[in-house]
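Trainee: Protein chains in written order, with my numbering: chain F, 119 to 240; chain B, 26 to 939; chain X, 882 to 961. Using N, Cα and C, we set each Cβ at its ideal position, and we do this for glycine too.
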Amino acid sequence: MKKILIVDDAVTVRMYHRQLMESLGFEVEEAENGIEALEKGLVRHFDLFLVDVNMPKMDGYRLVEEMRKTPELQAIPVIMISTEASEQDMEKAYLSGANLYVVKPANVDELQTYAALLAGGE
Amino acid sequence: MDPMLEAFISESRDNLETAGRCFLELEKCSGDEGLLNDLFRSVHTIKGSSGLFDIPVFTKVVHAAEDVLDSVRSGELLMTPEHIDMFLDTMDQVSVWLDDLESTGSLGDGAEARSQVLVQDLRALLSAPPTVGSDPNVTEPEDLSQPQDAPDTGGRLCTPPGWLAAMPDKLRLALYARTGGESLDILAIEYTPDSQCFFSGEDPLHIVRTLPGMVWFHIQARDSWLEPVEMDPYQCNLVFHAVAAGTDNEIRHHLRYVNEWVHVMLLAPDQLVVPEGEFGDSEPFETFIEESTQLIEEGGWRRLRQRIHPLLEVSEPGFLQTSVLHWMETLLKEDEPNQALLESLLETLRSGVFQWPEEMFDPVTQDNTPSLVEDGTSVSMHELDEPRLAAVRQALVVQRHILSMPCSYELLAGRIASVAKVVKNLLAASESHPAGLDAAIETALDEKSPEPLVAFVDDLLSAMKPDGKKPASGPEDKPMQREEVRHQDVSGQQVGGSDGEICPRMGAMPKQMSTSAGEPPARSKTLRVDQQRIDALMDLVGELVVAKNAMPFLARRAENDFGIRLLAKEIKAQYAVINRLAEELQGAVMQIRMIPVSSVFQRFPRLVRDLSRKLGKQIRLVLEGEETEADKNVVENLADPLIHLVRNSLDHGLETAQERESAGKPAEGTIILRAISHDDQVIIEVVDNGRGIDPEVIKRKAYGKGVIDEQRLDTITDHEALQLIFAAGFSTAEEVSDLSGRGVGMDVVRSVVMQAGGRVSVESKKGEGTTIRLSLPLSMAVTRVMMVEVAGQCYGVAMENIVETVRVPTTDIQRIKHNEAVVLRDKIIPLFYLSKLLNLKVNTASSGEVAILLMKVAGQEVGLVIDEFHEGLDIIQKPLEGVLVHYPWYAGAALLGDGRVLLVLNIRELLSCR
Amino acid sequence: MPISYKKTVAVLEGHCEIEEAETLLAWLLEHPKGRLNLKRLGHPHTAVLQIMMALRPEVSAFPENEEIAAWLQPLWNEGM
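(1) Could you please give the first and the last residue of the uninterrupted beta strand (DSSP E) stretch that includes residue 167 of chain F?
(2) Helix, strand or coil: which one does DSSP assign to residue 132 of chain F?
(3) Start and end of the alpha helix (DSSP H) containing residue 82 of chain B?
(4) Does the CB of residue 128 of chain F have a neighbour CB from chain B at under 8 Å?
(5) Residues of the stretch 249–282 of chain B with a CB closer than 8 Å to any CB of chain X: list them in chain order, please.
(6) Tell me whether residue 698 of chain B sits in a helix, a strand or coil according to DSSP, three-state version.
(7) Counting Cβ pairs closer than 8 Å, one from the stretch 264–284 of chain B and one from the stretch 349–360 of chain B, do we hit at least three?
(8) From the DSSP output, in three-state form, read off residue 261 of chain B for me.
(9) Less than 8 Å separating the beta-carbons of residue 194 of chain F and residue 224 of chain F?
(10) Give the interface partners of residue 194 of chain F over in chain B, defined as CB-CB distance under 8 Å, in chain order.
(11) Checking the sheet assignment: what are the DSSP bridge partners for residue 795 of chain B?
(12) Measuring only the C-alpha atoms, how far is residue 564 of chain B from residue 439 of chain B?
(13) For the beta strand (DSSP E) that contains residue 885 of chain B, what are its first and last residues?
(14) Residues of chain F with a CB under 7 Å from the CB of residue 435 of chain B: which are they?
(15) Within 8 Å (strictly less), CB to CB, does residue 913 of chain B reach chain X?
(16) Under 8 Å, do residue 96 of chain B and residue 194 of chain B count as touching if we go by C-beta distance?
(17) In the DSSP assignment, find the alpha helix (DSSP H) that holds residue 635 of chain B and state where it starts and stops.
(18) If you count every other CB in all the chains shown that lies within 10 Å of the CB of residue 722 of chain B, and 16 or more means buried, which is it?
(19) Determine the burial state of residue 2 of chain B: buried for a count of at least 16 other Cβ atoms within 10 Å of its Cβ, exposed for fewer.
(20) What in chain B is Cβ-close to residue 934 of chain X, meaning under 8 Å?
(21) Please list the residues of the stretch 42–73 of chain B that have a C-beta atom closer than 9 Å to any C-beta atom in chain F, keeping them in chain order.
(22) Quick check on residue 426 of chain B - is its C-beta less than 8 Å from some C-beta in chain F?
(23) What would DSSP say about residue 250 of chain B, mapped onto helix, strand or coil?
(24) From residue 604 of chain B to residue 617 of chain B, what distance separates their C-alpha atoms?
(25) Using CA atoms only, rank isn't needed, just tell me which of B/651, B/696, B/591 is closest to residue 637 of chain B.
(26) Taking the straight line between their C-alpha atoms, what separation do you get for residue 486 of chain B and residue 452 of chain B?
(27) By the three-class DSSP mapping on this structure, what secondary structure does residue 318 of chain B have?
(28) Taking 7 Å as the line, does the beta carbon of residue 239 of chain B fall inside it for any heavy atom of the ligand GDP?
(29) Note down, one range per segment and in chain order, each beta strand (DSSP E) of at least 3 residues found wholly within the stretch 184–225 of chain F.
(30) For residue 104 of chain B, which option in B/61, B/137, B/834 has the closest C-alpha, if you only look at C-alpha atoms?
(31) Is the distance from the Cβ of residue 313 of chain B to the Cβ of residue 336 of chain B below 8 Å?
(32) Quick one: Cα of residue 560 of chain B to Cα of residue 920 of chain B, how far?
(33) Tell me which residues share the same chain as residue 260 of chain B and place their Cβ nearer than 7 Å to its Cβ, disregarding the 5 neighbours each side in the sequence.
(34) Leaving out the 5 sequence neighbours to the left and right, which residues in its chain are closer than 8 Å to residue 343 of chain B when beta-carbon positions are compared?
(35) Less than 8 Å separating the beta-carbons of residue 733 of chain B and residue 749 of chain B?
(36) Please tell me whether residue 158 of chain B has its Cβ less than 8 Å away from any Cβ of chain F.
Rendered as structure tokens:
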């Protein structure tokens, strides 16, 4: 079963994304910020990270940058989810190492389709 | 109740509490960035989560509050007690709504009206004139550039610009033909340089001529020319129109420094269709028009083509009719010709007037080649019938885009690996398994270059084109942009003279060569050579250098394995000759590519003079080491970052004369632009004696912007903090002015320098000045290493780090606490055992003497104890691959003449992780 | 010297930098019938190009380099 790590400081959003991902048949874990995500990622393997941008302690950009520098995590696909729809924010996400940028609240089908594709199957 | 709603209510209450507390504390200390960030984040989270529920009225209010807070956070709006009152009221309302949600599941009566009032009040704060007492033009330049860029996103849907008709028909036809076979972005570029642009060192013509994929350009006067006597040669009065075909990103990257003055539009191939010429006698075409109308309607493309052909043979060039026929012929090469467009062309034959079919600019028919420009943000799958396939395609487009973005070296491996993984997953999901992916990934990782993957993804994308366009016959030759490498052979200055002496790279050349009076003017014989040829030569030299390394091994075998000492000796003698020749050859080839940095420096005197006048500052520019030479690419890469750095110094670094005098400094500020060649690096320094940078301000900003976290904030040193000005996304509002605030930050400087394989650093003392140092490789040189042996293994150590090699009796080694040291020439040299550093078996057999490599590491002399010295070697160092990538104490590896692999040690890293 | 001034002809060679613009303008004002030899022109700075466009002096030889000739020559044929 594919495993997904949902990284977001908002409980509600984590819950929502968990529902979406579990309905695809993914196994889900959660992290509240970048640091926790790195810790979890180093302990077990994930097929995909869903990452929020604005978080305390370590934000999404930093998290993805750290992942890309860390051999164990550098190849894991990342979908970054943000409320900002501007091109600048999107470019910043890609520069830091995200593989897709989705504006939230995301269209359910869209998010599910992309998560399934990037994680490598359902 | 829905557990998610429950979670939302309880989470939002927590956040409201945090927000309330922050507001009250902010009233006490309004500038606290940490508080503002907490506040912003709590409101942001409420907004984000509320979007998951159907309560738009609620979301709107929180959104408005977030926007206001954002502008407070960015310093555009100053928070007053009245604002805080208003926020607290808003938070109260939100809290009431949460209660309503909990008890009834909805927001209750009157929520809509209440929401409207609150939103209006909050937004009113934003439209109020800025209350911060800052310079009114502080944020202006960046803001102005926004609306200029905005129309680009819809580029494809706009009518093509009228000036496109000025592009010769022939070129447009040829370009159109290319689009069948290649995936090309065709960009129409209108560039109206700032009339003052010369003062900032810009050469618009050069920018246009070097556009990647330049196809055609055209120059026009913006305003009619003044009388010659009144003309100001330093006012730019031109407009450039250009068409380039390549990748959208690359072209935009090229224009990044002038993007305010550029309008770029993405063109569909069909938009190139504009027949031109004089409308001739239409009588000979009447039958054709009649028949063709029918054929176009029926889709009888083959027969239509057959009719056009003979007609074209008798048509004369220069007539509109001929051009129309050419276009029809070209359009008919498509598998599914554009019917409407053909009809329009036919109409032109009738009436002599060409008009694009109206539906061409309808979004639906246009949307057949998704591109990032076209749908701007992120990912969307609108109006495509096969959502899944479309999603795969869209995701691939994004990966392609990511690969083309600038990347720091430390992130590159991660970027390649993750994109590779995504592409793999995408292909697996779409059940296609095209060959070559693994190979492309492997090469990309090996070479640390995204190019192989880019090529692979491009192929995939063009194969996936929804309209299934097949490659057209033969792709046209790309217009060749010849890069010129100049080899100036001026009186007495020669490359690799017959006495074997290679011209020194710097310094020694008489500078006044071109200005010396009395002498006949030096005739410069210039040879223009395609750069590729020189690159090929360089590759060959590299191979020769490696091949010659085989000879010492051969000599050793002759002696040891075959016992022919005399032969060994002769081989060694031959080796010495070949070695010298190879070195000279290498030097000579590199010399061809070398140009003095003065070619970049010479722009600056004028720039500085004019800018300092404009700024009302007294500034003196000192150029040092202009004769320093470096590889052509390196020098060319320098120009843009240097202009930015000098502008920065002029603008923010140096104070006005009054400020300087009141600080007890001379009224005139100085900028030194200095080039030094140091080993294999050319170091460029931009030094000013201005106000310097305050590391505390940088720290605060970096923290506020989330560039560093709290923990880092406590531990970061001043020097480290200064380097943060190069971090992406770090540019303080205070730094923006009309001169350098062009959306180009220090991060761009850094990425340009890094791409050229260099480094950039900053030193600054508050009140005394700032030095920015760029170090760039002089060229892609061959490294000289010394082979050392330890525990039966050979390693390479870069020669430049080695001070000397010594042997000392073991009795001379002294113990100081836990460390060992040796005294050499009255200096205490700490000793390190390479075997221990590398965790190898320690050689216990003591011979009463140890071999020590005396090295200079990070400014300090240390001794490295090894088992044996061996010879010095020239190697072409390659970065490590595979598992070894994770061992930073290896700088790289090289292939030896006998086929073995030599690992080259990074002594600095090795010592730092002991 | 990228621009050398003869009696009636100014010869532009190689890269003509911005510094040349003012002298070229002055020379053309002094020699209204002066001609330009662009045979070995490599790259004129925009400011230099502008002078040529504004004054449109007679050209004795267009650049050998085809790339340059391709965009430079038309400037003399059309209404600028």
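Mentor: Put simply:
(1) The count along the first sequence starts at 1 and reaches residue 167 of chain F at position 49. For residue 167 of chain F, the enclosing beta strand (DSSP E) stretches over residues 166–170.
(2) To locate residue 132 of chain F, count along the first sequence from 1; it is residue 14. Three-state DSSP puts residue 132 of chain F in a helix.
(3) Numbered from 1 along the second sequence, position 57 holds the residue referred to as residue 82 of chain B. Residues 81–98.
(4) Along the first sequence, one-based indexing puts residue 128 of chain F at 10. Yes, its Cβ sits closer than 8 Å to a Cβ of chain B.
(5) 250, 251, 253, 254, 256, 258, 259, 261, 262, 263
(6) To locate residue 698 of chain B, count along the second sequence from 1; it is residue 673. Strand, per DSSP.
(7) no
(8) Here residue 261 of chain B is taken as the residue at index 236 of the second sequence, counted from 1. Of the three classes helix, strand and coil, the one that applies to residue 261 of chain B here is coil, per DSSP.
(9) Residue 194 of chain F sits at position 76 when you count from the first residue of the first sequence. Residue 224 of chain F sits at position 106 when you count from the first residue of the first sequence. No, the Cβ-Cβ distance between residue 194 of chain F and residue 224 of chain F is not below 8 Å.
(10) Working through the first sequence from its first residue, we reach residue 194 of chain F at position 76. By Cβ distance, chain B contributes 443, 446.
(11) Working through the second sequence from its first residue, we reach residue 795 of chain B at position 770. According to DSSP, residue 795 of chain B bridges with B/713, B/789.
(12) Locating residue 564 of chain B in the second sequence gives position 539, counting from the first residue. Locating residue 439 of chain B in the second sequence gives position 414, counting from the first residue. Distance between the alpha carbons of residue 564 of chain B and residue 439 of chain B: 29 Å.
(13) Numbered from its first residue, the second sequence carries residue 885 of chain B at position 860. First-last of the beta strand (DSSP E) with residue 885 of chain B: 885–891.
(14) The residue given as residue 435 of chain B occupies position 410 in the second sequence. Those are 187, listed as they occur along chain F.
(15) The count along the second sequence starts at 1 and reaches residue 913 of chain B at position 888. It does not; no Cβ of chain X falls within 8 Å.
(16) Reading the second sequence from its first residue, position 71 is the one you call residue 96 of chain B. Reading the second sequence from its first residue, position 169 is the one you call residue 194 of chain B. Against a cut-off of 8 Å, the Cβ pair of residue 194 of chain B and residue 96 of chain B comes out as no contact.
(17) Along the second sequence, read from residue 1 onward, the residue named residue 635 of chain B stands at position 610. Looking at the DSSP string, the run of the alpha helix (DSSP H) that includes residue 635 of chain B is 629–640.
(18) By one-based count along the second sequence, residue 722 of chain B stands at place 697. By the 10 Å Cβ count, residue 722 of chain B comes out exposed.
(19) This structure gives no information on residue 2 of chain B, because the portion of chain B shown stretches from 26 to 939.
(20) Translated into the one-based positions of the third sequence, residue 934 of chain X becomes position 53. In chain order: 244, 246, 250, 263.
(21) Under the 9 Å Cβ criterion, the stretch 42–73 of chain B contributes 62, 63, 65, 66, 69, 70, 71, 72, 73.
(22) For this step, residue 426 of chain B is matched to residue 401 along the second sequence. By this cut-off, residue 426 of chain B is an interface position.
(23) Taking the first residue of the second sequence as position 1, residue 250 of chain B is located at position 225. It is coil, neither helix nor strand.
(24) Position 579 of the second sequence, counted from the first residue, corresponds to residue 604 of chain B. Position 592 of the second sequence, counted from the first residue, corresponds to residue 617 of chain B. Taking the straight line from one Cα to the other gives about 20 Å.
(25) The count along the second sequence starts at 1 and reaches residue 637 of chain B at position 612. Distances from the alpha-carbon of residue 637 of chain B to those of B/651, B/696, B/591 put B/696 closest.
(26) Sequence index remark: in the second sequence, residue 486 of chain B carries index 461 (1-based). Sequence index remark: in the second sequence, residue 452 of chain B carries index 427 (1-based). Approximately 12 Å between the Cα atoms of the pair.
(27) Locating residue 318 of chain B in the second sequence gives position 293, counting from the first residue. Residue 318 of chain B falls in the helix class under three-state DSSP.
(28) Of ligands this structure carries none, so the ligand GDP is not represented either.
(29) 196–200, 218–221
(30) Locating residue 104 of chain B in the second sequence gives position 79, counting from the first residue. Closest option to residue 104 of chain B, Cα to Cα, is B/61.
(31) One-based indexing of the second sequence puts residue 313 of chain B at position 288. One-based indexing of the second sequence puts residue 336 of chain B at position 311. It is a contact, given that the beta carbons lie within the stated cut-off.
(32) Your numbering for residue 560 of chain B matches position 535 in the second sequence. Your numbering for residue 920 of chain B matches position 895 in the second sequence. Cα-Cα distance, rounded: 21 Å.
(33) In the second sequence, residue 260 of chain B corresponds to position 235, counting from 1. Closer than 7 Å at Cβ, skipping near neighbours: 220.
(34) Position 318 of the second sequence, counting from 1, holds the residue named residue 343 of chain B. Same-chain partners within the cutoff: 302, 303.
(35) In the second sequence, residue 733 of chain B corresponds to position 708, counting from 1. In the second sequence, residue 749 of chain B corresponds to position 724, counting from 1. Yes; because the gap between Cβ atoms is below 8 Å, this pair is in contact.
(36) Translated into the one-based positions of the second sequence, residue 158 of chain B becomes position 133. For residue 158 of chain B, the pLDDT reaches just 39, beneath the cut-off of 50, and the residue's location in the model is therefore unreliable, leaving the point undetermined.
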